[in-house]
Amino acid sequence: MSSDFIREMIAADVAVGKNGGRVHTRFPPEPNGYIHIGHAKAFLLSYGVAQEHGGRFNLRFDDTNPTKEEQEFVDGIIEDMRWLGVDWEDRLFFASDYFEQLYEWAEVLIRAGKAYVCDLSADEISAYRGTAVERGGQVVTPPGMDSPYRKRPVAESLDLFRRMREGEFPDGSRTLRAKIDMAHPNLNMRDPVMYRILRATHHRSGDAWCIYPTYDWTHGQSDAIEGITHSLCDLSFENHRPLYDWFLDNLPVPYRPRQIEFSRLNITHMVMSKRKLRRLVEEGHVRGWDDPRMPTLRGLRRRGYTPEALRAFVRGVGVTKSEGMVDLAYLEHCLRQDQNVRAPRVMAVLDPVRVVITNYPEGEVEWLDAVNNPEDPAAGTRVVPFSRELWIEREDFMEDPPSKFFRLAPGREVRLRYAYYVRCEGVVKDANGDVVEVHCTYDSATRGGDAADGRKVKATLHWVSAPHALDAEARLYDVLFRRERPEAVDEGDDWLSGLNPDSLVTAAGCKLEPSLAAANPGERFQFERKGYFACDPDSRLGRLVFNRTATLRDTWAKVRAGE
RNA sequence: UAGGGCGUAGCCAAGCGGAAAGGCAGCGGCCUUUGGAGCCGCCAAUCGGAGGUUCGAAUCCUCCCGCCCUAACCA
Numbered sequence: 312m313s314s315d316f317i318r319e320m321i322a323a324d325v326a327v328g329k330n331g332g333r334v335h336t337r338f339p340p341e342p343n344g345y346i347h348i349g350h351a352k353a354f355l356l357s358y359g360v361a362q363e364h365g366g367r368f369n370l371r372f373d374d375t376n377p378t379k380e381e382q383e384f385v386d387g388i389i390e391d392m393r394w395l396g397v398d399w400e401d402r403l404f405f406a407s408d409y410f411e412q413l414y415e416w417a418e419v420l421i422r423a424g425k426a427y428v429c430d431l432s433a434d435e436i437s438a439y440r441g442t443a444v445e446r447g448g449q450v451v452t453p454p455g456m457d458s459p460y461r462k463r464p465v466a467e468s469l470d471l472f473r474r475m476r477e478g479e480f481p482d483g484s485r486t487l488r489a490k491i492d493m494a495h496p497n498l499n500m501r502d503p504v505m506y507r508i509l510r511a512t513h514h515r516s517g518d519a520w521c522i523y524p525t526y527d528w529t530h531g532q533s534d535a536i537e538g539i540t541h542s543l544c545d546l547s548f549e550n551h552r553p554l555y556d557w558f559l560d561n562l563p564v565p566y567r568p569r570q571i572e573f574s575r576l577n578i579t580h581m582v583m584s585k586r587k588l589r590r591l592v593e594e595g596h597v598r599g600w601d602d603p604r605m606p607t608l609r610g611l612r613r614r615g616y617t618p619e620a621l622r623a624f625v626r627g628v629g630v631t632k633s634e635g636m637v638d639l640a641y642l643e644h645c646l647r648q649d650q651n652v653r654a655p656r657v658m659a660v661l662d663p664v665r666v667v668i669t670n671y672p673e674g675e676v677e678w679l680d681a682v683n684n685p686e687d688p689a690a691g692t693r694v695v696p697f698s699r700e701l702w703i704e705r706e707d708f709m710e711d712p713p714s715k716f717f718r719l720a721p722g723r724e725v726r727l728r729y730a731y732y733v734r735c736e737g738v739v740k741d742a743n744g745d746v747v748e749v750h751c752t753y754d755s756a757t758r759g760g761d762a763a764d765g766r767k768v769k770a771t772l773h774w775v776s777a778p779h780a781l782d783a784e785a786r787l788y789d790v791l792f793r794r795e796r797p798e799a800v801d802e803g804d805d806w807l808s809g810l811n812p813d814s815l816v817t818a819a820g821c822k823l824e825p826s827l828a829a830a831n832p833g834e835r836f837q838f839e840r841k842g843y844f845a846c847d848p849d850s851r852l853g854r855l856v857f858n859r860t861a862t863l864r865d866t867w868a869k870v871r872a873g874e
């Protein structure tokens with residue numbers, strides 16, 4: 312059982328009986344987009360930790376900004392989390408459920424002289440806060456200056472705050488601010504804004520409010536209301552922890568959750584910020600949030616990633632505070648590890664070239680046994696038809712092969728998987744000199760793939776009987792960004808300039824063995840020697856579409872690349 | 001600049017004063033009816049650097065260096 316610093320801290324809390332030994336965690340997404348694999352790291356950690364202690368896990372939407380949030384994303388996030396096996400039972404919450412309570416607590420702070428209504432504009436607040444400025448080539452951070460409204464009498468602030476709620480003032484004209492310390496070295500403590508006036512329809516509360524609490528004012532109290540014992544979040548909130556604690560210290564809340572921060576997940580060749588993902592979608596660089604090239608959970612799902620593979624990946628990368636960049640190869644490794652033992656094998660020719668077995672009787676068909684998964688005998692066998700005309704992979708034949716190539720070539724003998732040894736006797740070319748047919752003879756004594764005389768053959772090829780083949784489209788994906796770190800671009804360069812123009816290659820004329828006729832969207836297969844594929848929802852009867860989730864490891868490709 | 005954080009192999013990551021786990025990638029080899037899978041072997045005289053404490057330091061102390069975050073009425 313692998314541990315990490317967060318699990319150690321929580322175990323230590325439990326050991327000393329903190330919170331009565333209770334462990335209660337949560338995941339607080341903002342419903343302003345679909346969640347990605349980085350979010351999965353976060354909620355799988357929180358959910359996993361709760362489970363390990365027989366504790367509870369809440370899903371709470373932090374929906375405090377009505378201008379960005381939508382019900383569509385609430386539904387999508389729920390669906391994605393369930394798909395990954397997370398269960399919050401009946402504890403689905405919304406920060407907007409706490410708006411009234413939050414409002415009351417704001418009045419508590421005002422009455423205690425710890426919050427005040429401020430009439431400064433956004434720019435003025437920023438200036439008063441003491442934003443860093445360059446002075447004589449040096450960046451200097453001046454202390455903040457008190458807002459002129461900071462000494463506003465309690466009664467006046469209270470009156471103004473109530474009228475803010477009543478809608479007496481225009482958007483952005485006033486804010487409610489916590490009265491903490493304008494000289495505090497932590498900028499978050501320089502009288503942060505708690506409420507802003509904002510006339511926008513909220514996806515849940517509708518038009519009931521025209522003032523909305525900020526995230527900072529909402530977050531810690533929401534955790535406290537729910538009795539969260541351990542609030543796990545990413546490093547960017549470390550600076551906010553003193554503020555959350557200050558609010559909690561000054562409010563009659565039932566709990567003081569312990570916040571622990573960890574580093575976010577980064578994966579090579581991927582962008583992981585919602586803002587950037589949104590741009591990819593909105594500008595049409597991908598086909599949508601569920602495009603199989605996206606790191607979103609729905610994208611990975613459509614691509615063919617399994618919950619098991621994703622969970623193994625997240626477990627495998629660990630939890631620390633160091634900000635690293637995980638190699639995409641590790642994600643693919645986890646998928647292969649998972650699918651190798653589970654995915655049914657099937658023969659599919661992605662780039663077909665016709666083979667004619669010249670000494671095989673015309674019109675004859677043999678149904679040959681093929682194992683469904685050599686890693687899993689329980690998966691059983693199926694039959695595949697063999698006939699005089701077949702499809703093989705174009706790259707499996709070379710007229711003039713290099714020394715390391717041991718597939719089909721003139722005069723060479725190879726095995727057709729589960730079928731026969733065949734020897735290439737010649738080719739037919741078109742006017743351009745391209746090979747359109749490979750002519751072979753077969754050895755009838757090698758039925759099933761073994762030679763009675765014990766002679767060996769170096770290569771085994773996959774194939775599909777031409778008259779029985781199903782037509783299909785395969786979508787072959789590559790990294791969306793060429794660079795390992797898409798965000799690391801030169802000054803003035805747009806990160807989008809690093810998009811890989813070949814991230815999607817559509818192979819239209821693929822040929823599949825007939826057993827695939829009944830494939831349903833979402834079903835996964837290993838196309839032997841080619842990779843793991845998942846049936847896409849775009850599939851139609853007689854026109855299947857498959858997404859390549861990942862290729863198989865390919866040592867021949869490596870040999871070829873090295874030359 | 002201020003405040004906060006991070007630095008162990010190409011990447012992720014154990015390590016918690018008794019002397020560098022593991023995984024990915026890579027490289028050799030074995031095996032193979034997927035050039036897949038599996039199996040075996042190799043891959044850190046040294047832990048960002050320099051001092052110090054100690055019989056003993058990746059682990060403790062000091063200073064230095066590098067990188068990241070915050071400086072929204074976003075979350």
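Be aware that the first sequence starts at 312, since it is given in our numbering, and climbs by one per residue.
All C-beta atoms, glycine included, are put in the ideal place defined by N, C-alpha and C.
Whole-angstrom Cβ separation of residue i and residue j, contact assumed at under 8 Å?
| i | j | result |
| --- | --- | --- |
| L827 | V657 | 6 Å |
| K769 | V870 | That belief does not hold up - the Cβ atoms of K769 and V870 are roughly 14 Å apart, past 8 Å. |
| P377 | H514 | 7 Å |
| F412 | I522 | Note that residue 412 corresponds to Gln in the displayed sequence, not to Phe. Not really, about 14 Å apart at Cβ, beyond 8 Å. |
| V327 | Y358 | The Cβ separation is near 24 Å, so there is no contact. |
| D649 | A689 | Contact flag wrong, Cβ pair sits at about 17 Å. |
| L591 | T860 | Not really, about 20 Å apart at Cβ, beyond 8 Å. |
Tell me, please, which residues DSSP counts as bridged to residue i.
| i | result |
| --- | --- |
| Y753 | V733 |
| N369 | R337 |
| F792 | L810 |
| T529 | None; T529 has no bridge partner. |
| F264 | The requested residue 264 is not part of the displayed model; the chain covers only 312 to 874. |
| N858 | R786, A845 |
| A880 | For the chain, the structure presents residues 312 to 874; residue 880 sits outside this window and is missing. |
| L719 | F708 |
| C429 | T486 |
In whole angstroms, what separates the C-alpha of residue i from that of residue j?
| i | j | result |
| --- | --- | --- |
| G737 | L727 | 17 Å |
| L621 | S484 | 47 Å |
| I668 | V695 | 17 Å |
| T817 | P524 | 48 Å |
| S574 | K632 | 5 Å |
| G538 | R333 | 10 Å |
| V465 | D430 | 15 Å |
| A423 | A361 | 37 Å |
| P712 | K841 | 20 Å |
| A494 | G599 | 46 Å |
| E594 | L588 | 10 Å |
| H347 | L403 | 20 Å |
| M312 | E363 | Summary for M312: the model assigns pLDDT 48, below 50, so the residue's position carries little reliability; its value from the coordinates is reported in the next sentence. So the alpha carbons of these two residues sit roughly 11 Å apart. |
| Q837 | L661 | 13 Å |
| N831 | F372 | 33 Å |
| E784 | R665 | 18 Å |
| I317 | A519 | 40 Å |
| R626 | K352 | 8 Å |
| G873 | W867 | 10 Å |
| V637 | D434 | 39 Å |
| P797 | G455 | 37 Å |
| S533 | H773 | 58 Å |
For residue i, count neighbouring C-beta atoms within 10 Å of its own C-beta (all shown protein chains included) and say buried if the count is 16 or more, exposed if not.
| i | result |
| --- | --- |
| P685 | exposed |
| L487 | buried |
| L546 | exposed |
| K462 | exposed |
| L611 | buried |
| S468 | buried |
| M320 | exposed |
| K740 | exposed |
| P453 | exposed |
| Q382 | exposed |
| Y641 | exposed |
| N550 | exposed |
Note to self: If contact is defined by three or more beta carbon pairs under 8 Å, each pair taking one atom from either stretch, is the region 672 to 682 in contact with the region 849 to 864?
What the structure shows: Using a C-beta cut-off of 8 Å, the region 849 to 864 makes no contact with the region 672 to 682, since fewer than three inter-stretch Cβ pairs fall below that distance.
Check: If we count Cβ pairs, one from each stretch, closer than 8 Å, do we get three or more for the region 493 to 512 versus the region 433 to 452?
Finding: With the cut-off at 8 Å, the region 493 to 512 and the region 433 to 452 touch.
Notebook entry, point to check: Is it true that the region 547 to 560 meets the region 384 to 392, where meeting means three or more beta-carbon pairs spaced less than 8 Å apart?
Noted result: Short answer: they don't touch.
Checklist line | Segment contact, 8 Å Cβ cut-off, at least three pairs: the region 793 to 800 with the region 748 to 759 | finding: Proximity of the region 793 to 800 to the region 748 to 759 falls short of the contact definition, fewer than three beta-carbon pairs being nearer than 8 Å.
Margin query: Tell me whether the region 760 to 767 and the region 697 to 706 touch, counting them as touching only if at least three CB pairs, one residue from each stretch, are closer than 8 Å.
Written below: Too few Cβ pairs lie closer than 8 Å, so no.
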